[in-house]
Amino acid sequence: MRWALVKVSLAVTAMVVVAFAVPLGLVIREMARDRAFSNAEREAAAVAPALSITTDREQLERVVASAGSDAGMAVHIPAPGDRSGGATDIGRQRATDEDIAAVRRMGRASTTEVGGGSTLLQPVALSSGEIAVVEVYVPESEVTNGVGTAWAVLAAVGAALIVGSVAVADRLGVRMVQPARRLVDGAHELGEGRLGARVPVEGPDELRRAAVAFNSMADQVVQLLANERELAADLSHRLRTPLTVLRLNAASLGDGPAAEQTRAAVEQLEREVDTIIRTARDAKPQTAVAGPGAGCDAAEVVRERMGFWSALAEDEGRKWRVAGADRPVRIPVARTDLAASLDALLGNVFRHTAEGTTFAVDLHNGEDAVIVLVSDAGTGITDPEAAMARGRGSGTDGSTGLGLDIVRRMAESTGGDVRIGASVLGGTEVRIWIQLDGRTAPARRGHRGAVRRRRQSRAPATARDPAPARDPAPAREPAPAPAPAAPAGRDH
1 MRWALVKVSL
11 AVTAMVVVAF
21 AVPLGLVIRE
31 MARDRAFSNA
41 EREAAAVAPA
51 LSITTDREQL
61 ERVVASAGSD
71 AGMAVHIPAP
81 GDRSGGATDI
91 GRQRATDEDI
101 AAVRRMGRAS
111 TTEVGGGSTL
121 LQPVALSSGE
131 IAVVEVYVPE
141 SEVTNGVGTA
151 WAVLAAVGAA
161 LIVGSVAVAD
171 RLGVRMVQPA
181 RRLVDGAHEL
191 GEGRLGARVP
201 VEGPDELRRA
211 AVAFNSMADQ
221 VVQLLANERE
231 LAADLSHRLR
241 TPLTVLRLNA
251 ASLGDGPAAE
261 QTRAAVEQLE
271 REVDTIIRTA
281 RDAKPQTAVA
291 GPGAGCDAAE
301 VVRERMGFWS
311 ALAEDEGRKW
321 RVAGADRPVR
331 IPVARTDLAA
341 SLDALLGNVF
351 RHTAEGTTFA
361 VDLHNGEDAV
371 IVLVSDAGTG
381 ITDPEAAMAR
391 GRGSGTDGST
401 GLGLDIVRRM
411 AESTGGDVRI
421 GASVLGGTEV
431 RIWIQLDGRT
441 APARRGHRGA
451 VRRRRQSRAP
461 ATARDPAPAR
471 DPAPAREPAP
481 APAPAAPAGR
491 DH
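The numbers in the working numbering rise by one with no breaks, and the one at position 137 of the sequence shown is 137.
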């Protein structure tokens with residue numbers, strides 16, 4: 001906008017200067033010419049009274065000398081009775097005989113061009129009735145005297161007008177552009193999460209109103225976020241009462257694996273609720289990892305969560321498998337976030353596939369990324385894009401539509417992503433790409449194919465029985481599966 005105003009002002013001022021300066025320069029040149037010939041007419045008029053009285057050469061020479069123009073004035077007196085031409089009696093003749101004769105015949109003054117300038121031919125009636133011609137030479141320097149200076153002054157004034165108009169337009173542009181630029185910067189800062197960004201109310205009325213509206217919007221955003229954090233903290237705090245009841249009931253279950261797992265689950269749920277409350281109060285993202293070296297051992301988390309879900313898998317007669325979790329794998333993700341993501345995916349497997357359906361978790365450690373694959377032998381997902389849409393769910397009981405979104409946000413916090421595809425087990429495969437260096441995940445078609453080929457080389461189309469000592473409860477042979485009741489969608 002600033003340069004547009006400068007260009008418009010420059011163009012308009014230049015046109016105005018040209019429209020006025022050029023005609024004015026031409027007028028000045030004509031005025032200088034008229035002034036020079038007016039002086040020549042006065043010099044000729046000074047000789048005319050003497051010619052009307054006498055034609056004596058000596059007297060006329062004294063008259064011409066007294067006029068101060070003896071070098072540029074000539075007097076042509078015809079011979080008595082001769083009207084065809086005239087002799088140059090006094091001074092230097094510059095005009096041609098034809099021009100002098102024409103002036104004598106017409107009886108009126110005339111100008112003609114000669115070398116180095118022009119001459120004024122002025123007819124004068126003699127006492128004898130003859131017509132004498134006074135010739136006054138006007139050099140070109142007198143015709144253009146002062147014209148160059150006047151044109152230079154006009155050019156300087158025009159340039160000053162152009163520079164001044166450009167400077168004024170630039171200041172006006174700055175007055176308009178700077179508030180708009182501050183408004184843009186404030187919008188960027190607010191979009192990047194700096195909620196304290198505000199815009200000074202200054203500039204033109206339109207931009208002042210825009211700044212007021214922006215500041216009001218930013219205040220409302222801050223208030224809405226504060227209300228949302230308070231609501232999340234309050235809702236999470238309300239969960240403590242039923243959790244206390246569950247903890248008391250779990251304490252009365254006695255001993256046994258099921259009782260221990262129930263108590264462990266209640267304790268973990270209490271920890272998650274506390275984390276949600278603290279995060280809501282502090283307004284810090286759950287997926288934020290503080291400082292270099294922070295994160296967790298993905299292999300340890302996978303083993304822990306598979307140990308938790310293996311008991312339910314044994315009850316439902318599901319075969320399961322874990323691969324790649326026998327060595328430490330460091331990832332820049334908080335332990336609770338990875339555990340929540342695995343629980344969401346494994347919970348989907350148990351919730352949306354029939355009992356006895358095989359599932360597997362594979363962990364692949366690469367140079368710049370770690371891949372977690374959760375696959376099953378269910379009926380698959382017909383619309384992966386709809387499944388990844390936040391809040392849509394599968395439409396079945398217990399589907400909130402947030403499970404896959406938790407996984408997606410965890411992966412994207414590292415620069416990775418989540419994709420849904422077909423599993424080698426025949427059902428669904430959810431691939432979590434966790435970037436190790438924080439860069440945006442590139443296209444990984446070839447790497448994904450290599451991972452799938454390695455998995456196919458290790459596992460057949462049906463899952464094999466897990467036998468590693470790290471699994472807390474080995475899977476048993478699945479019972480005959482009932483009629484498939486898995487929906488096409490998943491909790492996401």
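We treat Cβ as the ideally placed atom computed from N, Cα and C, and that holds for glycine.
Separation of residue j from residue i, as counted between CA atoms
{"i": "VAL221", "j": "ALA377", "result": "45 Å"}
{"i": "GLY356", "j": "LEU346", "result": "14 Å"}
{"i": "LYS7", "j": "PRO200", "result": "28 Å"}
{"i": "ALA479", "j": "GLU316", "result": "Only weak support exists for where ALA479 lies, its pLDDT of 35 falling under 50; the coordinates are left without a value."}
{"i": "GLY421", "j": "THR428", "result": "6 Å"}
{"i": "GLU30", "j": "ALA45", "result": "22 Å"}
{"i": "SER375", "j": "ALA369", "result": "19 Å"}
{"i": "LEU60", "j": "ARG104", "result": "19 Å"}
{"i": "VAL329", "j": "GLU367", "result": "11 Å"}
{"i": "VAL177", "j": "ALA325", "result": "58 Å"}
{"i": "SER9", "j": "ARG209", "result": "27 Å"}
{"i": "GLY426", "j": "LEU246", "result": "38 Å"}
{"i": "VAL212", "j": "ILE381", "result": "49 Å"}
{"i": "GLY446", "j": "ILE371", "result": "Residue placement at GLY446 cannot be trusted, given a pLDDT of 43 that sits under 50; what the coordinates show is reported in the next sentence. The straight-line gap from Cα to Cα measures roughly 14 Å."}
{"i": "LEU231", "j": "MET410", "result": "23 Å"}
{"i": "PRO257", "j": "HIS188", "result": "54 Å"}
{"i": "HIS496", "j": "ALA311", "result": "Residue coverage of the chain in this structure runs from 1 to 492, which leaves residue 496 outside it and unanswerable."}
{"i": "VAL174", "j": "GLY415", "result": "40 Å"}
{"i": "GLU58", "j": "ILE77", "result": "13 Å"}
{"i": "VAL18", "j": "ALA159", "result": "11 Å"}
{"i": "ARG327", "j": "ASN227", "result": "44 Å"}
{"i": "GLU272", "j": "ASP170", "result": "59 Å"}
{"i": "PRO384", "j": "VAL418", "result": "11 Å"}
{"i": "LEU239", "j": "ALA264", "result": "17 Å"}
{"i": "ARG229", "j": "ILE276", "result": "10 Å"}
{"i": "GLY107", "j": "ALA65", "result": "25 Å"}
Beta-ladder partner(s) of residue i, from DSSP
{"i": "VAL322", "result": "VAL361"}
{"i": "PRO242", "result": "None, per the DSSP bridge assignment."}
{"i": "GLN178", "result": "None; GLN178 has no bridge partner."}
{"i": "SER118", "result": "GLU113 and VAL138"}
{"i": "TRP433", "result": "ILE371 and ASP417"}
{"i": "THR379", "result": "DSSP output for THR379 lists no bridge partner at all."}
{"i": "PRO123", "result": "VAL133"}
{"i": "ALA422", "result": "THR428"}
{"i": "ASP297", "result": "ARG330"}
Spatial neighbours of residue i in its chain, beta-carbon cut-off 7 Å, leaving aside the 5 residues before and after
{"i": "PHE37", "result": "THR111, LEU120 and VAL138"}
{"i": "GLY186", "result": "ALA197, ARG198, VAL199 and PHE214"}
{"i": "VAL63", "result": "VAL47 and ALA50"}
{"i": "ASP493", "result": "Summary: the structure shown does not reach residue 493, with the chain confined to residues 1 through 492, and so no result is reported for it."}
{"i": "PHE20", "result": "none"}
{"i": "GLY72", "result": "VAL136 and TYR137"}
Neighbourhood of residue i by C-beta distance below 6 Å, restricted to the same chain and skipping five residues each side
{"i": "GLN93", "result": "ALA74"}
{"i": "GLU135", "result": "ALA74, ALA95, THR119 and LEU121"}
{"i": "ARG182", "result": "VAL199"}
{"i": "VAL143", "result": "ARG33 and ALA36"}
{"i": "VAL266", "result": "LEU246, ARG247 and ALA250"}
{"i": "ASP56", "result": "none"}
{"i": "ASP99", "result": "THR112"}
{"i": "ILE331", "result": "GLY295, ALA298, VAL370 and ILE434"}
{"i": "GLY117", "result": "VAL138, PRO139 and GLU140"}
{"i": "VAL184", "result": "none"}
{"i": "GLY109", "result": "Contrary to the premise, residue 109 reads as Ala rather than Gly in this sequence. Contacts found: GLN122."}
Own chain residues within Cβ distance below 8 Å of residue i, not counting five before or after
{"i": "THR262", "result": "ALA250 and LEU253"}
{"i": "TRP151", "result": "GLY25 and ILE28"}
{"i": "ALA259", "result": "ALA250 and LEU253"}
{"i": "GLU206", "result": "none"}
{"i": "LEU195", "result": "ALA218, VAL221, VAL222 and LEU225"}
{"i": "LEU126", "result": "LEU51, SER52, THR55, ILE77 and ALA132"}
{"i": "TRP3", "result": "GLY173"}
{"i": "VAL301", "result": "ARG335, LEU338, ALA339 and LEU342"}
CB-CB length for residue i against residue j, believed under 8 Å
{"i": "LEU342", "j": "ARG305", "result": "5 Å"}
{"i": "CYS296", "j": "LEU338", "result": "6 Å"}
{"i": "LEU161", "j": "LEU5", "result": "So it is not a contact: roughly 17 Å between Cβ atoms."}
{"i": "VAL124", "j": "ALA48", "result": "5 Å"}
{"i": "ILE406", "j": "ALA344", "result": "5 Å"}
{"i": "PRO179", "j": "GLY203", "result": "3 Å"}
{"i": "LEU373", "j": "ARG303", "result": "Not quite, the Cβ-Cβ distance comes to about 15 Å (not below 8 Å), so this is no contact."}
Heavy atom of the ligand ATP within 7 Å of residue i beta-carbon
{"i": "VAL430", "result": "Among the components of this structure there are no ligands whatsoever, and the ligand ATP is therefore not found."}
Exercise for the section: Evaluate contact between the stretch 9 to 16 and the stretch 163 to 172, counting only Cβ atoms and requiring at least three cross-stretch pairs below 8 Å. Expected result: yes
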